[in-house]
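In the numbering used here, the protein residues as written are 148 to 723.
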């Protein structure tokens, strides 16, 4: 295997920002064991493993877990214009993502599959598009490493199958970078069309993804620098239109939607993110923060994690950055680093987190995977003395990249749920909302009675999951039918379901007033109490939530209450 040294000078003709040799094909990798045919087979094997990991996880139909349910409740009753306002459950999400999700729900119904369909398509599309993006920059071993890293990273697999906007963040970033690479690598006679296409696409990108503004802003910097040397008017016209489209679309979506979300949630988000904002007031601590941040979840590709667990990926990326700098590939370096730099500025202004949790910076995945591949190819090919390492280290890494998605598949088959609490609540909802409605009219006090029994329901930890599971597994709600109030008889009861959660008080006076009114019309015949513990990551007990069922039958206003006690009010239930 032969690899160009990071110290090698760039090819003749590369000058300033007008690079004629754009890309990483100076990483010449020609190992005997990696023939072109074998490289192609390995590449498709890695892609197929990544696709399988995403598709199987989607088909396993994991139960919704609270983080998904918090956002999904906004699609239960809102229309398109309603999504312009601040969202329930302290959620923020880009407008076009919200409208896309609502459209899918309206067309295909509300379920785990439909809520995750668009993120899945984004995850599959981003993997396939990234493979083509990487192919335009690297060949041979670096190409396998880049695509294998992207295909096998757990976060990219996971968020391809969650009803959140992180997967669309990745697709938007890959798409913008793909168009930019086409513009920067093709001949001047044909490349300008890609810049015009970027100008058309960037408003959609900004509407689909909040961090798209960092990627698009970094591209704007690179494109301006690219257009400086010659000053071609046609280049500048396209560049100006692109920048205007970027700024204009950001302003438009901010006024339409983002401002309302920011007004409602900015302070709470700042409190939530305060531990991951850069400590600018403490320079020494800031230095340590930079080291820890860039060796932790920000660079958890293909493996890694908190507290420096991503140091190997960090070293590979650092090797790639040094190589690009020494070869004076400044434009490619700007394209890779500018999005993160803009994100850092936003973090300094406490507007968007920089790293902390990988989901917030998932839009950097294509850049990190490319830098990882370039740096790993350098480190795997030659040792510190410049001697060839041979094929074994590279083979080991490729095998590892293939094992990771296989292990992900195996884990998902064994544990097809995010938390045990979510699994229990989903299984209960499947039984409860079907069985209890089989011979009765079943209604929910929070949504069917028409009174605001739970004014603070958007802050109740379990309410969002309760409402989503009810919509999915209640046959009446799945069909879109209204509640039936006139069919109650001695043979067909009316069953009313009440939700309570231990961390928050319930408006008991309003409920008791409603209960007394009901008993003037019906006979209260039975009562059931179902309790569910709430845990943090299946370990720490946070509290309890309860479902109470009140069964009414036609008859005199007389109470014949049948109830089963499940502990006391502090341990899962109470007797009424």
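Beta carbons: idealized from backbone N, C-alpha and C, even for Gly.
None of these values were measured; they are calculated from a predicted model.
Whether residue i touches residue j by CB criterion (7 Å)
| i | j | result |
| --- | --- | --- |
| residue 612 | residue 685 | no |
| residue 775 | residue 204 | The structure shown does not extend to residue 775, since the chain is modelled only from 148 through 723, so no value can be given for it. |
| residue 466 | residue 398 | no |
| residue 411 | residue 312 | no |
| residue 588 | residue 631 | yes |
| residue 451 | residue 460 | yes |
| residue 384 | residue 350 | no |
| residue 358 | residue 316 | yes |
| residue 552 | residue 295 | no |
| residue 400 | residue 242 | yes |
| residue 486 | residue 575 | no |
| residue 307 | residue 299 | no |
| residue 297 | residue 516 | yes |
| residue 201 | residue 272 | no |
| residue 220 | residue 614 | yes |
| residue 520 | residue 293 | yes |
| residue 510 | residue 577 | no |
| residue 180 | residue 538 | yes |
Contact set for residue i: own chain, Cβ-Cβ below 6 Å, skip 5 residues either direction
| i | result |
| --- | --- |
| residue 329 | 341 |
| residue 645 | 592, 695 |
| residue 396 | 350, 353 |
| residue 623 | none |
| residue 345 | 326, 389 |
| residue 482 | 369 |
Nearest to residue i (by Cα), restricted to the options the options
| i | options | result |
| --- | --- | --- |
| residue 569 | 464, 582, 681 | 681 |
| residue 409 | 616, 232, 646 | 232 |
| residue 673 | 620, 637, 402 | 637 |
| residue 356 | 250, 540, 322, 437 | 322 |
| residue 610 | 187, 189, 236, 224 | 236 |
| residue 543 | 556, 290, 575, 527 | 527 |
| residue 697 | 437, 642, 390, 428 | 642 |
| residue 259 | 617, 699, 474 | 617 |
| residue 499 | 663, 324, 413, 191 | 413 |
| residue 319 | 268, 301, 287, 293 | 268 |
| residue 635 | 497, 432, 671, 481 | 671 |
| residue 702 | 679, 483, 665, 548 | 665 |
| residue 633 | 648, 692, 573, 699 | 699 |
| residue 545 | 291, 445, 444 | 291 |
| residue 492 | 425, 250, 676, 659 | 425 |
Close-in-space but distant-in-sequence residues of the same chain around residue i (CB under 8 Å, 5 per side omitted)
| i | result |
| --- | --- |
| residue 338 | 329, 330, 331, 332 |
| residue 540 | 527 |
Spatial neighbours of residue i in its chain, beta-carbon cut-off 7 Å, leaving aside the 5 residues before and after
| i | result |
| --- | --- |
| residue 309 | 215, 263, 266 |
| residue 604 | Because residue 604 sits at a pLDDT of 49, beneath the cut-off of 50, its placement in the model cannot be relied upon, and the point is left open. |
| residue 595 | 630 |
Extent of the continuous alpha helix (DSSP H) run through residue i
| i | result |
| --- | --- |
| residue 674 | Element bounds for residue 674: not the alpha helix (DSSP H) but the beta strand (DSSP E), 669-683. |
| residue 579 | 567-582 |
| residue 244 | 242-255 |
| residue 428 | Careful: residue 428 lies outside any alpha helix (DSSP H) and carries neither H nor E. |
| residue 187 | 183-206 |
| residue 277 | 259-282 |
Host beta strand (DSSP E) of residue i (start-end)
| i | result |
| --- | --- |
| residue 509 | Where residue 509 is concerned, there is no enclosing beta strand (DSSP E), given that its DSSP letter is neither H nor E. |
| residue 585 | No beta strand (DSSP E) contains residue 585, which DSSP labels as neither H nor E. |
| residue 697 | 687-701 |
Query raised in the report: For the region 285-316, which segments carrying the alpha helix (DSSP H) assignment without a break, of at least 4 residues, lie completely within its bounds, in sequence order?
Result: Fully enclosed alpha helix (DSSP H) runs of 4 or longer: 287-299, 301-306.
Query - In chain order, each beta strand (DSSP E) run of at least 3 residues that lies wholly inside the region 626-662 - result: If one requires a minimum length of 3 residues, the beta strand (DSSP E) runs lying completely within the region 626-662 are 641-648, in chain order.
Report task. Pick out the complete alpha helix (DSSP H) segments inside the region 452-499, 4 residues or longer, and give them in chain order. Result -> DSSP runs (the alpha helix (DSSP H)) wholly in the region 452-499: 458-473, 477-495.
Query raised in the report: At what residue ranges does the region 357-400 contain a whole run of the alpha helix (DSSP H), taking only runs of 4 or more?
Result: Counting whole runs of 4 or more residues, the region 357-400 contains the alpha helix (DSSP H) stretches 359-374, 380-400.
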